[in-house]
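Visitor:
Numbering (our numbering), first residue to last: 85 to 577.
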């Protein structure tokens, strides 16, 4: 329930809530906690809605019941989608957080969220997670005004928990079905089966998608015991903390984490991003029916953009995609933390901001933003290259000027960027080789400071080639003309 869903009258009367989860056991995908709440007066009617434990229902039945639930103005619901990376990060951090604690925190978060909406909760029903009595006491200490019932098989005993079970299961199925694999390695596919550790298809998918250095795709809960046998074939890496606080979860610092939590794809969700509704409407970061969760139907645009995206295992490509580009948002977006000092984490429609290329590509692919030509390729740079390309400091424009340009060109649809790249490289290529073959080392130091990463590699390769040639010529036989060899030839008797 939020600003788009006014608080119904029944919310100010005593209300009950049920909480249940989906996806606790699988090695793939998120774990989802869902809740259902209503006025206590509606409890008898709730028992007639044919809610049951979601595991006992077919997918079509769950979908139908969920649609009915969303349309019922006497019901409210909310979900918390916990990303697999968050699960693994918490379970592998220095002060480990086990799955039961994560589950408790999610349930507590849902209760707090509904209370903050203004709903008068008086009773909450939950399934057992760990010791039932300890769980109940823990909840009662946090919420002393609420009566808690913690019971085994609560989703079979209490219709309000059965409804929560359906909310969680349908949401997880939809998230998993529409999950966008972020990784771009070749031969990746989505035939991962049920995602449960015992599923042969899931095991085969894990084996096919493991990498000796980068591990598993972000869909995988790599802290699960199912993944352990695969680690023997992987390279062991020891990471040194660059922060005083060792208790910070892996990946919780840095620009990329702050920028990845954008409400356009479920694969980049934070657990704090929660959908909720008093009338079955999504009001927060991500609408699961939103078209942004699917690739655009414009296949040609998609093909060009995907072609320009980074090689997953190429460090130069990764660094190139950290370059910032200007974008314009076509729709308002929640959950975008662009500037840590900002008072809001939302971006209005029409907002002009700078995003790293890797993120701008993803959003452009979904037609959420349009990308403008970066300053590295502006008119001033073009005029300088036309005047004297060899003297232009391209490194200050972008350390990966040419690779950056090749990725930008199909995104902005400006063919003059390609012409600029070719023109600059033709002129600078000759200058680089000339310097590498003829200039003394002392005279090239200033020249090298102007070079991009690609040009520096070219210069070093040319110097290495010249050094190898000189070594060969010095140590090899002296070259002689054919006329001299002819005079030295012995006559045949």
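Yeah, the Cβ is synthetic: ideal placement off N, Cα and C, and Gly gets one too.
What's the call for residue 317, buried or exposed, on a 16-neighbour Cβ count within 10 Å?
Guide: exposed
Visitor: On a CA-only basis, which of 156, 150, 175 and 173 is nearest residue 163? Give me that one, please.
Guide: The option with the nearest alpha carbon to residue 163 is 150.
Visitor: Just the C-alpha distance for residue 99 and residue 238, rounded to the nearest angstrom, thanks.
Guide: 18 Å
Visitor: Going by the CB atoms, is the gap between residue 107 and residue 256 shorter than 8 Å?
Guide: Against a cut-off of 8 Å, the Cβ pair of residue 107 and residue 256 comes out as a contact.
Visitor: Leaving out five residues before and five after residue 339 in sequence, what residues of the same chain have Cβ atoms less than 7 Å from its Cβ?
Guide: Confidence at residue 339 is low in this model, with a pLDDT of 34, below 50, so its placement is unreliable and the value that follows should be read with caution. Take residue 339, set aside five residues on each side of it, and no residue of its chain has a beta-carbon closer than 7 Å to its own.
Visitor: Excluding five sequence neighbours on each side, which residues of the same chain lie with their C-beta closer than 8 Å to the C-beta of residue 301?
Guide: 265, 266, 267, 272 and 293
Visitor: Check whether the region 274-284 and the region 180-197 are in contact - that is, three or more C-beta pairs closer than 8 Å.
Guide: no
Visitor: Contact between the region 119-127 and the region 216-225: three or more CB pairs below 8 Å?
Guide: no
Visitor: Would you call residue 526 buried or exposed, if buried means 16 or more other Cβ atoms sit within 10 Å of its Cβ?
Guide: Model confidence at residue 526 stands at a pLDDT of 48, short of 50, so the residue's coordinates are unreliable and nothing is read from them.
Visitor: Could you check how far apart the C-beta atoms of residue 103 and residue 191 are, in whole angstroms? I think they sit under 8 Å.
Guide: Separation of the CB atoms of residue 103 and residue 191 is rounded to 5 Å, and the pair is thereby assigned contact status at 8 Å.
Visitor: In chain order, what residues of the same chain lie with their CB nearer than 8 Å to the CB of residue 204, ignoring the 5 residues before and after it?
Guide: Correct list, in chain order: 95, 96, 97, 98 and 99.
Visitor: When the Cα of residue 258 is compared with those of 116, 498, 462 and 477, which residue comes out closest?
Guide: 116
Visitor: Out of curiosity, what's the CA-to-CA distance linking residue 146 and residue 254?
Guide: If you take the alpha carbons of residue 146 and residue 254, they lie about 7 Å apart.
Visitor: Expressed to the nearest angstrom, what Euclidean distance is found between the alpha-carbon atoms of residue 250 and residue 541?
Guide: 57 Å
Visitor: Is residue 179 helix, strand or coil by DSSP?
Guide: coil
Visitor: Only counting the same chain, and skipping five residues up and downstream in sequence, which positions put a Cβ closer than 8 Å to that of residue 109?
Guide: 280 and 281
Visitor: Run through the DSSP bridge pairs and tell me what residue 184 is partnered with.
Guide: Beta-bridge pairing links residue 184 to no other residue.
Visitor: Do residue 412 and residue 453 have their C-beta atoms within less than 8 Å of each other?
Guide: yes
Visitor: So, for residue 501: in the same chain, excluding its five sequence neighbours on each side, which residues have a beta-carbon less than 8 Å away from its beta-carbon?
Guide: 457, 461, 489, 492 and 493
Visitor: Pick helix, strand or coil for residue 418, following the three-state DSSP scheme.
Guide: strand
Visitor: Within this structure, are the beta carbons of residue 208 and residue 195 separated by less than 8 Å?
Guide: Yes, the pair counts as a contact, with Cβ atoms nearer than the cut-off.
Visitor: Using the Cβ count rule (16 or more neighbours within 10 Å means buried), how would you classify residue 553?
Guide: In summary, residue 553 is exposed, with fewer than 16 beta-carbon neighbours lying within 10 Å of its beta-carbon over all protein chains present.
Visitor: Hey, could you find the ends of the alpha helix (DSSP H) residue 285 is sitting in?
Guide: Run containing residue 285: 284-292, per the alpha helix (DSSP H) assignment.
Visitor: With a cut-off of 8 Å, do at least 3 Cβ pairs link the region 466-482 to the region 510-518?
Guide: The region 466-482 is in contact with the region 510-518.
Visitor: Would you mind sorting residue 469 into buried or exposed? The rule is 16 or more other CB atoms within 10 Å of its CB.
Guide: buried
Visitor: CB residue 289 to CB residue 307, shorter than 8 Å?
Guide: no
Visitor: Using a Cβ-Cβ cut-off of 8 Å, state whether residue 167 counts as contacting chain B.
Guide: Annotation note: the requested chain B is absent from the structure, which comprises a single protein chain.
Visitor: Extract the residue ranges of the alpha helix (DSSP H) inside the region 428-488, only unbroken runs of 4 or more that lie entirely within it.
Guide: If we require 4 residues or more, the alpha helix (DSSP H) runs fully inside the region 428-488 come out as 441-449, 463-472 and 478-481.
Visitor: Inspect the beta-carbon positions of residue 409 and residue 444 and report whether they are closer than 8 Å.
Guide: yes
Visitor: Report the partner residues of residue 231 according to the DSSP bridge assignment.
Guide: BP columns for residue 231 point to 207.
Visitor: Count the other CB atoms, across all protein chains shown, that sit within 10 Å of the CB of residue 62; report buried if there are 16 or more and exposed otherwise.
Guide: Since the first and last residues shown for the chain are 85 and 577, residue 62 lies out of range.
Visitor: Can you tell me whether DSSP reads residue 190 as helix, strand or coil?
Guide: helix
Visitor: Please report how far the alpha carbon of residue 243 lies from the alpha carbon of residue 210, in whole angstroms.
Guide: 11 Å
Visitor: Look up residue 410 in the DSSP assignment and give the residues it is bridged to.
Guide: 438
Visitor: Run through the DSSP bridge pairs and tell me what residue 106 is partnered with.
Guide: Residue 106 is bridged to 116.
Visitor: Kindly identify the DSSP beta-bridge partner or partners of residue 121.
Guide: BP columns for residue 121 point to 101 and 160.
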